[in-house]
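>
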(Lines of atoms letter the chains of each structure in order from A and count residues from 1; the text may use other names and numbers.)
(Lines give C-alpha, C1' and ligand atoms only; values in the text may rest on other atoms or scores of the structure.)
Protein backbone atom coordinates (compact mmCIF):
# COMPACT_ATOMS: atom_id res chain seq x y z
CA UNK A 1 0.00 0.00 0.00
CA UNK A 2 1.41 3.38 -1.06
CA UNK A 3 0.77 6.73 0.62
CA UNK A 4 0.65 9.65 -1.80
CA UNK A 5 0.98 13.36 -1.11
CA UNK A 6 -0.74 15.28 -3.91
CA UNK A 7 -0.72 19.06 -4.34
CA UNK A 8 -3.57 20.62 -6.29
CA UNK A 9 -4.95 24.07 -7.05
CA UNK A 10 -8.49 25.04 -7.95
CA UNK A 11 -10.93 27.81 -8.72
CA UNK A 12 -13.64 27.25 -6.13
CA UNK A 13 -16.35 29.25 -7.93
CA UNK A 14 -18.26 26.19 -9.15
CA UNK A 15 -17.91 24.03 -6.03
CA UNK A 16 -19.62 23.77 -2.67
CA UNK A 17 -16.27 23.83 -0.91
CA UNK A 18 -13.61 21.16 -0.66
CA UNK A 19 -15.17 18.59 1.66
CA UNK A 20 -17.52 15.96 0.22
CA UNK A 21 -21.23 16.81 0.63
CA UNK A 22 -24.26 14.56 0.26
CA UNK A 23 -26.10 16.67 -2.33
CA UNK A 24 -23.54 19.16 -3.64
CA UNK A 25 -20.56 18.99 -6.01
CA UNK A 26 -17.27 19.50 -4.15
CA UNK A 27 -13.57 19.43 -5.00
CA UNK A 28 -13.02 16.30 -2.90
CA UNK A 29 -15.73 14.44 -4.79
CA UNK A 30 -14.21 15.31 -8.17
CA UNK A 31 -10.68 14.39 -7.06
CA UNK A 32 -11.77 11.03 -5.67
CA UNK A 33 -13.73 10.17 -8.81
CA UNK A 34 -10.78 10.96 -11.09
CA UNK A 35 -8.17 9.34 -8.83
CA UNK A 36 -10.26 6.15 -8.81
CA UNK A 37 -9.97 6.02 -12.60
CA UNK A 38 -6.23 6.67 -12.57
CA UNK A 39 -5.46 4.26 -9.71
CA UNK A 40 -7.93 1.57 -10.74
CA UNK A 41 -9.61 1.41 -7.34
CA UNK A 42 -11.75 3.53 -4.98
CA UNK A 43 -9.74 6.35 -3.39
CA UNK A 44 -10.51 8.54 -0.36
CA UNK A 45 -8.50 11.73 0.06
CA UNK A 46 -7.81 13.84 3.14
CA UNK A 47 -7.31 17.55 2.51
CA UNK A 48 -5.07 19.90 4.45
CA UNK A 49 -8.00 22.27 4.89
CA UNK A 50 -11.75 22.39 4.27
CA UNK A 51 -12.17 25.45 2.06
CA UNK A 52 -15.73 26.82 1.92
CA UNK A 53 -17.99 27.23 -1.09
CA UNK A 54 -16.46 29.78 -3.47
CA UNK A 55 -13.04 29.78 -1.78
CA UNK A 56 -10.01 29.09 -3.98
CA UNK A 57 -6.74 27.24 -3.43
CA UNK A 58 -3.35 27.95 -4.96
CA UNK A 59 -1.88 25.10 -2.93
CA UNK A 60 -4.18 22.47 -1.43
CA UNK A 61 -2.43 19.30 -0.24
CA UNK A 62 -4.26 15.98 -0.08
CA UNK A 63 -3.13 12.56 1.05
CA UNK A 64 -4.46 9.13 0.13
CA UNK A 65 -3.44 5.50 0.05
CA UNK A 66 -3.58 3.23 -2.97
CA UNK A 67 -2.38 -0.08 -4.33
CA UNK A 68 -2.38 1.43 -7.82
CA UNK A 69 0.92 1.15 -9.67
CA UNK A 70 0.98 4.43 -11.61
CA UNK A 71 4.34 6.21 -10.99
CA UNK A 72 4.00 9.39 -8.96
CA UNK A 73 5.80 11.31 -11.73
CA UNK A 74 2.97 10.41 -14.12
CA UNK A 75 0.10 11.01 -11.72
CA UNK A 76 -0.38 14.79 -12.23
CA UNK A 77 -0.37 14.47 -16.03
CA UNK A 78 -2.81 11.56 -15.95
CA UNK A 79 -5.13 13.39 -13.57
CA UNK A 80 -5.07 16.65 -15.49
CA UNK A 81 -6.12 14.84 -18.66
CA UNK A 82 -9.47 13.99 -17.03
CA UNK A 83 -9.96 16.70 -14.38
CA UNK A 84 -12.16 19.72 -15.15
CA UNK A 85 -10.16 22.78 -16.16
CA UNK A 86 -10.82 24.56 -12.84
CA UNK A 87 -8.93 21.88 -10.86
CA UNK A 88 -5.26 21.10 -11.60
CA UNK A 89 -2.85 18.60 -10.09
CA UNK A 90 0.50 20.31 -9.54
CA UNK A 91 2.75 17.56 -8.20
CA UNK A 92 2.69 14.16 -6.51
CA UNK A 93 5.18 12.38 -4.28
CA UNK A 94 5.45 9.25 -2.20
CA UNK A 95 4.93 9.96 1.51
CA UNK A 96 5.76 7.97 4.61
CA UNK A 97 3.09 5.49 5.76
CA UNK A 98 0.61 7.25 8.02
CA UNK A 99 1.14 10.71 6.49
CA UNK A 100 -2.02 12.81 6.89
CA UNK A 101 -2.34 16.05 4.93
CA UNK A 102 -4.46 17.70 7.63
CA UNK A 103 -2.98 16.43 10.89
CA UNK A 104 0.66 16.72 9.80
CA UNK A 105 0.45 20.31 8.53
CA UNK A 106 2.48 22.67 10.72
CA UNK A 107 1.84 25.97 8.92
CA UNK A 108 -0.87 27.22 6.58
CA UNK A 109 -0.99 30.52 4.75
CA UNK A 110 -4.04 32.26 3.29
CA UNK A 111 -4.44 35.39 1.27
CA UNK A 112 -7.50 37.58 0.95
CA UNK A 113 -7.99 39.93 -2.00
CA UNK A 114 -9.98 43.18 -2.13
CA UNK A 115 -10.52 45.29 -5.25
CA UNK A 116 -11.71 48.88 -5.28
CA UNK A 117 -14.58 48.83 -7.77
CA UNK A 118 -16.90 51.87 -7.80
CA UNK A 119 -18.82 49.99 -10.48
CA UNK A 120 -19.14 46.16 -10.34
CA UNK A 121 -16.48 44.40 -12.40
CA UNK A 122 -17.87 41.17 -13.91
CA UNK A 123 -14.38 39.82 -14.57
CA UNK A 124 -13.18 39.82 -10.96
CA UNK A 125 -16.45 39.23 -9.13
CA UNK A 126 -15.52 35.60 -8.34
CA UNK A 127 -11.94 36.33 -7.28
CA UNK A 128 -12.02 39.33 -4.93
CA UNK A 129 -14.26 41.29 -2.58
CA UNK A 130 -15.31 44.26 -4.71
CA UNK A 131 -15.72 47.40 -2.61
CA UNK A 132 -17.13 50.77 -3.68
CA UNK A 133 -15.06 52.55 -1.01
CA UNK A 134 -11.32 52.08 -0.62
CA UNK A 135 -10.37 51.14 2.97
CA UNK A 136 -7.32 52.69 4.65
CA UNK A 137 -4.56 50.08 4.42
CA UNK A 138 -2.39 51.80 7.03
CA UNK A 139 -5.12 51.42 9.64
CA UNK A 140 -5.76 47.81 8.60
CA UNK A 141 -2.06 47.03 8.91
CA UNK A 142 -2.04 48.52 12.38
CA UNK A 143 -4.84 46.12 13.33
CA UNK A 144 -3.22 43.20 11.50
CA UNK A 145 -0.03 43.57 13.54
CA UNK A 146 -2.04 42.92 16.71
CA UNK A 147 -2.81 39.39 15.50
CA UNK A 148 0.82 38.28 15.60
CA UNK A 149 1.63 35.69 18.27
CA UNK A 150 -0.62 33.27 20.15
CA UNK A 151 -4.25 34.22 20.83
CA UNK A 152 -7.63 32.69 21.62
CA UNK A 153 -9.66 33.32 18.44
CA UNK A 154 -13.01 32.25 19.92
CA UNK A 155 -14.51 35.60 18.93
CA UNK A 156 -13.64 35.00 15.28
CA UNK A 157 -14.93 31.41 15.09
CA UNK A 158 -18.28 31.02 13.34
CA UNK A 159 -20.88 28.57 14.56
CA UNK A 160 -20.69 25.13 12.98
CA UNK A 161 -16.99 24.72 13.65
CA UNK A 162 -15.56 21.32 14.50
CA UNK A 163 -14.34 20.89 18.07
CA UNK A 164 -10.78 22.15 17.87
CA UNK A 165 -8.88 24.52 20.11
CA UNK A 166 -9.45 28.21 19.23
CA UNK A 167 -5.95 29.02 20.48
CA UNK A 168 -3.76 29.56 17.42
CA UNK A 169 -0.34 31.05 16.73
CA UNK A 170 -0.03 33.58 13.90
CA UNK A 171 3.37 33.93 12.20
CA UNK A 172 2.48 36.48 9.52
CA UNK A 173 -0.26 39.10 9.31
CA UNK A 174 -0.02 42.04 6.92
CA UNK A 175 -1.69 43.90 4.07
CA UNK A 176 0.02 44.76 0.79
CA UNK A 177 -1.01 46.65 -2.34
CA UNK A 178 -0.39 45.11 -5.75
CA UNK A 179 0.50 47.12 -8.85
CA UNK A 180 -3.12 47.21 -10.06
CA UNK A 181 -4.32 48.54 -6.69
CA UNK A 182 -5.62 45.22 -5.33
CA UNK A 183 -5.32 44.97 -1.56
CA UNK A 184 -4.01 41.59 -0.40
CA UNK A 185 -4.02 40.33 3.16
CA UNK A 186 -1.48 37.64 4.05
CA UNK A 187 -1.92 35.52 7.16
CA UNK A 188 0.04 32.42 8.19
CA UNK A 189 -0.43 30.33 11.29
CA UNK A 190 -0.30 26.87 12.79
CA UNK A 191 -4.04 26.48 12.25
CA UNK A 192 -7.34 28.27 11.77
CA UNK A 193 -10.86 27.85 13.13
CA UNK A 194 -14.02 27.99 11.00
CA UNK A 195 -14.33 31.29 9.07
CA UNK A 196 -11.48 32.77 11.12
CA UNK A 197 -9.69 34.50 8.24
CA UNK A 198 -12.88 35.88 6.69
CA UNK A 199 -14.10 37.13 10.09
CA UNK A 200 -10.75 38.81 10.76
CA UNK A 201 -10.78 40.47 7.35
CA UNK A 202 -14.30 41.81 7.93
CA UNK A 203 -13.24 43.42 11.22
CA UNK A 204 -10.12 44.92 9.66
CA UNK A 205 -12.14 46.33 6.76
CA UNK A 206 -14.48 48.05 9.24
CA UNK A 207 -11.37 49.61 10.76
CA UNK A 208 -10.11 50.58 7.31
CA UNK A 209 -13.44 52.27 6.56
CA UNK A 210 -13.20 54.30 9.76
CA UNK A 211 -16.13 52.61 11.48
CA UNK A 212 -13.98 51.73 14.49
CA UNK A 213 -10.38 52.42 15.54
CA UNK A 214 -7.48 49.99 15.01
CA UNK A 215 -7.32 49.41 18.77
CA UNK A 216 -10.70 47.69 18.52
CA UNK A 217 -8.90 44.59 17.22
CA UNK A 218 -7.04 44.14 20.50
CA UNK A 219 -10.33 44.33 22.41
CA UNK A 220 -12.09 41.90 20.08
CA UNK A 221 -9.33 39.34 20.63
CA UNK A 222 -10.37 39.27 24.29
CA UNK A 223 -14.05 38.69 23.54
CA UNK A 224 -16.20 35.68 22.62
CA UNK A 225 -18.27 35.20 19.50
CA UNK A 226 -21.36 37.38 19.57
CA UNK A 227 -19.92 39.93 21.99
CA UNK A 228 -19.01 42.30 19.15
CA UNK A 229 -20.31 42.93 15.62
CA UNK A 230 -18.70 40.64 13.07
CA UNK A 231 -19.52 38.77 9.86
CA UNK A 232 -17.50 36.67 7.38
CA UNK A 233 -16.04 38.61 4.46
CA UNK A 234 -17.23 37.26 1.07
CA UNK A 235 -15.85 33.81 0.25
CA UNK A 236 -14.60 34.63 -3.24
CA UNK A 237 -11.75 36.80 -1.95
CA UNK A 238 -10.10 33.99 0.02
CA UNK A 239 -7.31 31.71 -1.23
CA UNK A 240 -5.46 28.87 0.49
CA UNK A 241 -1.97 29.89 -0.57
CA UNK A 242 0.53 27.53 1.03
CA UNK A 243 0.77 24.50 3.34
CA UNK A 244 3.98 23.45 5.05
CA UNK A 245 5.00 20.24 6.80
CA UNK A 246 7.80 19.33 9.16
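Residue numbers (my numbering): 1 to 246.
No residue lacks a Cβ here, since even glycine has one placed at the ideal position from N, Cα and C.
Please read these numbers as outputs of a predicted model, since none were measured by experiment.
1) I'd like to know if the stretch 25-37 and the stretch 105-125 are in contact, where contact means that at least 3 CB-CB pairs between them fall below 8 Å.
2) Relative to the alpha-carbon of residue 190, which residue among 145, 104, 157 has its alpha-carbon at the smallest distance?
3) What's the gap between the Cα of residue 70 and the Cα of residue 184?
4) Can you find the residues in the same chain that come closer than 7 Å, C-beta to C-beta, to residue 130, ignoring five residues on each side of it along the sequence?
5) Looking at residue 75 and residue 92, is the spacing between their C-beta atoms short of 7 Å?
6) What's the gap between the Cα of residue 22 and the Cα of residue 52?
7) What residue ranges within the stretch 52-81 form continuous alpha helix (DSSP H) runs of no fewer than 4 residues, ordered along the chain?
8) Can you give me the start and stop residues for the beta strand (DSSP E) that residue 131 sits inside?
9) What number of angstroms, rounded off, separates the C-alpha of residue 113 from the C-alpha of residue 203?
10) So the alpha helix (DSSP H) residue 207 belongs to, where does it begin and stop?
11) Tell me where the alpha helix (DSSP H) around residue 33 begins and ends.
12) Within the same chain, show all residues whose beta-carbon is closer than 7 Å to that of residue 206, passing over the 5 residues directly before and after it, in chain order.
13) I'd like to confirm the pairing. Which residues does DSSP put opposite residue 173 in its beta bridges?
14) Mapping the DSSP letters down to three states, classify residue 244 as helix, strand or coil.
15) Between the C-alpha atoms of residue 29 and residue 19, what's the straight-line distance to the nearest angstrom?
16) Please state whether the Cβ-Cβ distance between residue 62 and residue 49 is less than 7 Å.
17) Just tell me which of 65, 78, 77, 11 has its CA closest to the CA of residue 94.
18) For residue 40 and residue 243, I'd like the C-alpha separation in whole angstroms.
19) Mind reading off the beta-carbon distance from residue 170 to residue 155? Whole number of angstroms is fine, and I expect it under 8 Å.
20) For my contact list, residue 89 and residue 239 are in at a C-beta cut-off of 8 Å; report their separation, rounded to the angstrom.
21) Residues in its own chain within less than 7 Å of residue 225 by CB, not counting five upstream and five downstream?
With the structure as the only source:
1) no
2) 104
3) 39 Å
4) 115, 117, 120, 121, 124
5) yes
6) 15 Å
7) 75-80
8) 129-131
9) 15 Å
10) 196-208
11) 27-39
12) 212
13) 187
14) strand
15) 8 Å
16) no
17) 65
18) 28 Å
19) Not a contact, Cβ separation roughly 14 Å.
20) Not really, about 18 Å apart at Cβ, beyond 8 Å.
21) 154, 155, 157
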